[in-house]
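As numbered in mature numbering (1 follows the signal peptide of the UniProt record, and there is no 0), residues -24 to -1, 1 to 279 make up the sequence shown, in order.
Below is one structure; the comments refer to it alone.
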Amino acid sequence: MSSLRLSHLATISALALFSFTTHANDALPSSPDHITQPYPVEQITELHSAKQLVARFEQDNYDLQQVAKNLQLPSYYVENLPTDLNALPVEQKTTGFIRLLLPTVTAVNKQILAVRTSLKKLAQKPQSDWTPQEQAWVAQLMESYAVKSNDIDELLLHVDIIPVGMVLAQGIDESGWGTSHFAIEGNSLYGEHLPAHGGKYLTTPGGHVKVAAFDNLYAGTASYMHNLNTTGAYKELWHLRKQLREQNNLNGHQLVAALAHYSTRGEAYVENLRALIKHHQLDSFDHVVLEGNRSERIRFTHK
């Protein structure tokens, strides 16, 4: 692998044993990296090829230009990748990969925003008025995001989205448009090394490098965002994101400037991400909303 990853995930304390789920009746949402069942649809549609997926997208008129125009995104929750994206014509491969990943990226960011919104509401109340559940929830977030000051404003610096265009560009670059071994076999699109606390992993030839592996694309995407939001090497990213948000100009093309430490390629990596974002107009999806009237959960079977 050409990129060097810096991961820091805090050890989860006993407070993490509290079950903060995302059901409608619960006031306190979970961080996406703690959600084990992220998909709202139980029934699974099994597909066997990338060609089948593209045909399904075309049948339902899932078109990226229309999504960018209307800001309405079909709720296709694709759990994993097909093995044959490279068999598609180039345009079908590129638009197919973006279409299959975009709803997952949007869903993870939506969950992060739910946590952020609840935090901001809680910050408006005196801590003496917090319920025991609220106190435990904030304490768990502080530990998960490696915030030792117990300052809720500092926590909010970490609990924020990663712009869609930036996520898509890194997924494209790191996974070779969803065709790498680690992406297909481990749902690992973003080049994360195995964190110190362990977990599922795959190895490079010879077993020299352990690459994090995940149960599905949602889990892999949530872990990557959590890595960016917790690892000290990305402190510049947190502050740049805050600045861009205050300027109402938070987008991937701007924020990737803080990613020189993500890869051994340094500034060349940043420029490549910017080229991907510009060429494929990836920042045009920043404000899309998942359609709620119908959703579908798709899983590829690898023979």
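Heads up, the beta-carbon is just placed ideally off N, CA and C, and yes, glycines get one too.
Sequence ranges, alpha helix (DSSP H) only - wholly within the segment 114 to 191, length at least 4: Fully enclosed alpha helix (DSSP H) runs of 4 or longer: 128 to 134, 140 to 151, 157 to 162.
Cβ pair residue 263, residue 250 closer than 8 Å: Cβ atoms of residue 263 and residue 250: not closer than 8 Å.
Closest Cα partner of residue 118 within the set 219, 65, 206: Nearest of 219, 65, 206 to residue 118, Cα basis: 206.
Where the beta strand (DSSP E) containing residue 54 begins and where it ends: Element bounds for residue 54: 48 to 54.
Buried versus exposed, by CB contacts within 10 Å (16 or more), residue 36: Around the beta carbon of residue 36, a 10 Å sphere encloses fewer than 16 other beta carbons of the protein chains shown; the residue is thus reported as exposed.
C-alpha distance - residue 123 paired with residue 234, whole-angstrom precision: So the alpha carbons of these two residues sit roughly 20 Å apart.
As assigned by DSSP and simplified to three states, the class of residue 18: Under the three-state reduction of DSSP, residue 18 is assigned to coil, being neither helix nor strand.
Continuous alpha helix (DSSP H) stretch holding residue 253: start and end: It spans 243 to 255 - the alpha helix (DSSP H) in which residue 253 sits, taken as one unbroken run.
Euclidean distance between Cα positions of residue 53 and residue 260: Using only the alpha carbons, I get a separation of about 20 Å.
Cβ neighbours of residue 276 in the same chain (closer than 6 Å, five flanking residues each side left out): Counting only Cβ-Cβ distances below 6 Å, and skipping sequence neighbours, we find 23, 56, 58.
Three-state secondary structure assigned by DSSP to residue 264: Looking at residue 264 - three-state DSSP - the assignment turns out to be coil, as it is neither helix nor strand.
Residue -17 versus residue 203: straight-line alpha-carbon distance, rounded: Residue confidence is low: residue -17 scores 31 on pLDDT, short of 50, so the model does not pin down where it sits. No coordinate-derived value is stated.
C-alpha distance - residue 61 paired with residue 74, whole-angstrom precision: Cα-Cα distance, rounded: 12 Å.
Cβ pair residue 51, residue 79 closer than 8 Å: Cβ atoms of residue 51 and residue 79: closer than 8 Å.
C-alpha gap between residue 242 and residue 236, whole angstroms: Across the structure, residue 242 and residue 236 are spaced so that their CA atoms are roughly 4 Å apart.
Where residue 94 sits in the DSSP three-state scheme: Of the three classes helix, strand and coil, the one that applies to residue 94 here is helix, per DSSP.
Host alpha helix (DSSP H) of residue 229 (start-end): Run containing residue 229: 228 to 231, per the alpha helix (DSSP H) assignment.
Contact the segment 147 to 165 vs the segment 185 to 204: 3+ CB pairs below 8 Å: Result yes; three or more Cβ-Cβ pairs closer than 8 Å.
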